[in-house]
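Before any comments, here is the structure.
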Amino acid sequence: MAALRSELSEAGGARRAMALINQRALFPHRGTATLTRDQLELSEWGPQGAITIAKDSVSRITRQFDEDYGAFVGGGSAKWGAPVILELRDGTALYLLFDHRAFLEKTDNPAWEKRLLEWLA
1 MAALRSELSE AGGARRAMAL INQRALFPHR GTATLTRDQL ELSEWGPQGA ITIAKDSVSR
61 ITRQFDEDYG AFVGGGSAKW GAPVILELRD GTALYLLFDH RAFLEKTDNP AWEKRLLEWL
121 A
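Here is the structure:
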């Protein structure tokens, strides 16, 4: 699942309350992530289909809660629930929850963060 920082920051109280039950309320984009040598592809991003993110367009990768997606909404576990945040050189930020399991509020984000940091290096 994924969301742009702008989508998270514009989410109202009702959507944030719904996210306490189901994160999909805040993360409108679905699909599969595929990492290649030069790009990250996110399938089924929206009506336009997949998007690709070139490695040289990424300025920073972190895995943390912040003011746009906090620990309370994210299940409280920094290890398993914190989003991977891809910051792009154009100022866009993507929040990613890889293989999110709703009931447990767990993700594969620790492994994906490691892979993405190695990819970016």
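Residues in the sequence shown are numbered from 1 upward in steps of one, following the UniProt record's numbering.
All C-beta atoms in this analysis are idealised placements derived from N, C-alpha and C, irrespective of residue type, glycine included.
The beta carbon of Met-1 sits closer than 7 Å to the beta carbons of Gln-23, Arg-24, Phe-27, His-29, Arg-30, Leu-97 and His-100 from its chain, once the five residues preceding and following it are set aside; these are given in chain order. Collapsing the DSSP output to three states places Ala-33 in a strand. In terms of CA proximity to Ser-57, Asp-38 leads the group Asp-66, Asp-38 and Gly-49. Under DSSP, Gln-39 takes part in a beta bridge, and its partners are Ala-54. Only residues of its own chain outside the window of five on either side were considered, and among them Ser-57 and Ser-59 have a CB closer than 6 Å to the CB of Arg-89, listed in chain order. Here Gly-70 is exposed, its C-beta having fewer than 16 other C-beta atoms within 10 Å.
Per DSSP, Ala-3 is not a residue of any alpha helix (DSSP H); the beta strand (DSSP E) it occupies stretches across 2-4. When beta bridges are read from the DSSP output, Lys-106 appears opposite Arg-101.
Per DSSP, the beta-bridge partners of Ala-93 are Glu-87.
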